[in-house]
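Here the structure comes first, spelled out in structure tokens, and everything after it is commentary.
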Amino acid sequence: MPTYRDEAIVLRTHKLGEADRIITMLSRQRGKIRAVARQVRRTTSKFGSRLEPFGHIDLQLAQGRSLDVVTQVELRHAWGDPLSRDYSRWTAGQVMLETADRLVTEEREPALQQFLLLAGALRVLSAGTSDGERPPTMVLDSYLLRSLAVAGYAPSFGDCARCGVAGPHQSFSPAVGGVVCVRCRPPGSAVPAPATLALMAALLAGDWPATRDVEPARQREASGLTAAFVAWHLERGLRSLPHLERQ
Numbered sequence: 079m080p081t082y083r084d085e086a087i088v089l090r091t092h093k094l095g096e097a098d099r100i101i102t103m104l105s106r107q108r109g110k111i112r113a114v115a116r117q118v119r120r121t122t123s124k125f126g127s128r129l130e131p132f133g134h135i136d137l138q139l140a141q142g143r144s145l146d147v148v149t150q151v152e153l154r155h156a157w158g159d160p161l162s163r164d165y166s167r168w169t170a171g172q173v174m175l176e177t178a179d180r181l182v183t184e185e186r187e188p189a190l191q192q193f194l195l196l197a198g199a200l201r202v203l204s205a206g207t208s209d210g211e212r213p214p215t216m217v218l219d220s221y222l223l224r225s226l227a228v229a230g231y232a233p234s235f236g237d238c239a240r241c242g243v244a245g246p247h248q249s250f251s252p253a254v255g256g257v258v259c260v261r262c263r264p265p266g267s268a269v270p271a272p273a274t275l276a277l278m279a280a281l282l283a284g285d286w287p288a289t290r291d292v293e294p295a296r297q298r299e300a301s302g303l304t305a306a307f308v309a310w311h312l313e314r315g316l317r318s319l320p321h322l323e324r325q
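Residue numbers (the numbering used here): 79 to 325.
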């Protein structure tokens, strides 16, 4: 059978038969891939432990009729090891994997930006940012905002998300797509602190120095708004909602 190589992050696995697994991965070149790993549930398997969620791998696959078959695996990063020692980081990482799985809906369609965002987020979650450690919820919020932006759901934190009038604005509406002016503000819009909106804008931009010394109340408020924004757009845009209860 023809073979090919790729780099991937394992998103999830499930059992197949007595000893096999189906591995769902987000790859660098081919987007989401589902492939069979033969005999990996046996104790004699050479690479079963490398095909676990959070694994960053180089692999070779043989093309099959319905599912490709994993023939070689080399582990680049075992992000699951450091994350498993901290429950809050582990749960944040699980939401990242699930969100990536939901956002990349088509198999074998290149999704390089989503792959790079997920790899970068898992690296930061396990080893810290270029500006030092940040709370797992803050790293998760940054990933969620940026991954949705790549998928076409970028929130606005400057101009009004409905009419485009220049900000700053005080209200935030997940349904409209970000901050809204007084005229466009729908009933029930949130009125977060300006520092919360500034934090969310920094998380969207990946500006970690701007997130230093943020008050816990602002972090909690930003997480709540991010969860509401993600839930709204995933539910209505993809008809699929990842588990976001992570506080």
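Virtual Cβ for every residue (Gly too), placed ideally from N, Cα, C.
- [ ] Give the straight-line distance between the Cα atoms of alanine 197 and threonine 304, rounded to the nearest whole angstrom.
- [x] Locating residue 197 in the sequence shown gives position 119, where the first residue counts as 1. Locating residue 304 in the sequence shown gives position 226, where the first residue counts as 1. Near 20 Å, if we compare the C-alpha coordinates of threonine 304 and alanine 197.
Task: Closest residue to threonine 274 among Pro264, Val260, Arg298, Cys262 (Cα-Cα distance) - done: In the sequence shown, residue 274 corresponds to position 196, counting from 1. When only C-alpha atoms are compared, the closest one is Arg298.
Task: Boundaries (first-last residue) of the beta strand (DSSP E) holding valine 260 - done: By 1-based counting over the sequence shown, the position of residue 260 is 182. It is not in any beta strand (DSSP E) - valine 260 carries neither H nor E in the DSSP assignment.
Open item on the list: Per the DSSP calculation, serine 268 is bridged to which residue(s)?
Closed with: On the sequence shown, position 190 is the one that residue 268 refers to. It is alanine, not serine, that sits at residue 268 in the sequence shown. Paired residues: Phe250.
Task: Simplified DSSP state of glutamate 299, which is helix, strand or coil - done: In the sequence shown, residue 299 corresponds to position 221, counting from 1. Helix at glutamate 299.
Task: Cβ-Cβ separation, arginine 83 to glutamine 138 (assumed contact under 8 Å), whole Å - done: Stepping through the sequence shown from its first residue, residue 138 is reached at position 60. Stepping through the sequence shown from its first residue, residue 83 is reached at position 5. Cβ atoms of glutamine 138 and arginine 83 come within 8 Å of each other, at about 5 Å.
Open item on the list: Within 10 Å of its beta-carbon, does lysine 93 have 16 or more other beta-carbons around it, so buried, or fewer, so exposed?
Closed with: In the sequence shown, residue 93 corresponds to position 15, counting from 1. Flag for lysine 93 reads exposed.
Open item on the list: Quick check: what's the CA-CA separation for threonine 81 versus glycine 158?
Closed with: Walking along the sequence shown from the start, residue 81 turns up at place 3. Walking along the sequence shown from the start, residue 158 turns up at place 80. Rounded to the nearest angstrom, the two C-alpha atoms are 28 Å apart.
- [ ] Alpha carbon to alpha carbon, how far is glutamate 185 from valine 254? Give it in angstroms, no decimals.
- [x] In the sequence shown, residue 254 corresponds to position 176, counting from 1. In the sequence shown, residue 185 corresponds to position 107, counting from 1. The alpha-carbon atoms of valine 254 and glutamate 185 are separated by roughly 30 Å.
- [ ] Using DSSP bridges, identify the partner residues of aspartate 146.
- [x] As a working mapping, residue 146 is identified with position 68 in the sequence shown. Looking at the DSSP assignment, aspartate 146 forms a beta bridge with Ala113.
- [ ] With distances taken Cα to Cα, identify the nearest neighbour of glutamine 117 among Lys110, Glu96, Ile111.
- [x] In the sequence shown, the residue the question calls residue 117 occupies position 39. Nearest of Lys110, Glu96, Ile111 to glutamine 117, Cα basis: Glu96.
- [ ] Taking the CB atoms as reference points, tell me whether glycine 214 and serine 162 lie closer together than 8 Å.
- [x] If you number the sequence shown from 1, residue 214 lands on position 136. If you number the sequence shown from 1, residue 162 lands on position 84. Sequence check: residue 214 is proline here, not glycine. Contact: no.
Open item on the list: So, for proline 188: in the same chain, excluding its five sequence neighbours on each side, which residues have a beta-carbon less than 8 Å away from its beta-carbon?
Closed with: Here the question's residue 188 lines up with position 110 in the sequence shown. Cβ neighbours of proline 188 beyond the five flanking positions: Gln107, Arg108, Gly109.
Task: Where the alpha helix (DSSP H) containing tyrosine 231 begins and where it ends - done: Position 153 of the sequence shown, counting from 1, holds the residue named residue 231. It is not in any alpha helix (DSSP H) - tyrosine 231 carries neither H nor E in the DSSP assignment.
Task: Entirely enclosed alpha helix (DSSP H) segments - the segment 122 to 186, minimum 4 residues - done: 158 to 161, 165 to 181
- [ ] Figure out for me which residue from Phe250, Arg296, Ser234 has the closest Cα to the Cα of glycine 266.
- [x] Translated into the one-based positions of the sequence shown, residue 266 becomes position 188. Measuring from the Cα of glycine 266, the nearest candidate turns out to be Phe250.
Task: Straight-line Cα distance separating glutamate 176 from alanine 244 - done: Position 166 of the sequence shown, counting from 1, holds the residue named residue 244. Position 98 of the sequence shown, counting from 1, holds the residue named residue 176. Alanine 244 and glutamate 176: Cα-Cα distance of roughly 35 Å.
- [ ] Between the Cα of glutamine 191 and those of Arg201, Leu203, Ala178, Ala113, spot the shortest distance and give me the residue it belongs to.
- [x] Stepping through the sequence shown from its first residue, residue 191 is reached at position 113. Measuring from the Cα of glutamine 191, the nearest candidate turns out to be Ala178.
Open item on the list: If you reduce the DSSP assignment to three classes, tell me which class glutamate 85 lands in.
Closed with: Taking the sequence shown and counting its residues from 1, the one referred to as residue 85 is at position 7. Residue state for glutamate 85 is assigned as strand, using DSSP reduced to three classes.
Open item on the list: Just to confirm my understanding: we take leucine 322, look at its own chain, exclude 5 residues before and 5 after, and list those with CB closer than 7 Å. What are they?
Closed with: Taking the sequence shown and counting its residues from 1, one reaches residue 322 at position 244. For leucine 322, the predicted structure reports a pLDDT of 41, less than 50, and the residue's modelled location is therefore unreliable. A value from the coordinates is still provided. Excluding the 5 residues flanking it on each side, leucine 322 has same chain C-beta neighbours closer than 7 Å at Val173, Ala305, Val308, Ala309, in chain order.
TODO: Quick one: residues in its chain with C-beta nearer than 6 Å to the C-beta of tyrosine 221, no 5 flanking neighbours on either side, listed in chain order?
DONE: Along the sequence shown, read from residue 1 onward, the residue named residue 221 stands at position 143. Same-chain partners within the cutoff: Met174, Ala199.
TODO: Indicate the three-state DSSP secondary structure (helix, strand or coil) for glycine 284 in the structure shown.
DONE: Counting from 1 along the sequence shown, the entry for residue 284 is found at position 206. Three-state DSSP puts glycine 284 in coil, outside helix and strand.
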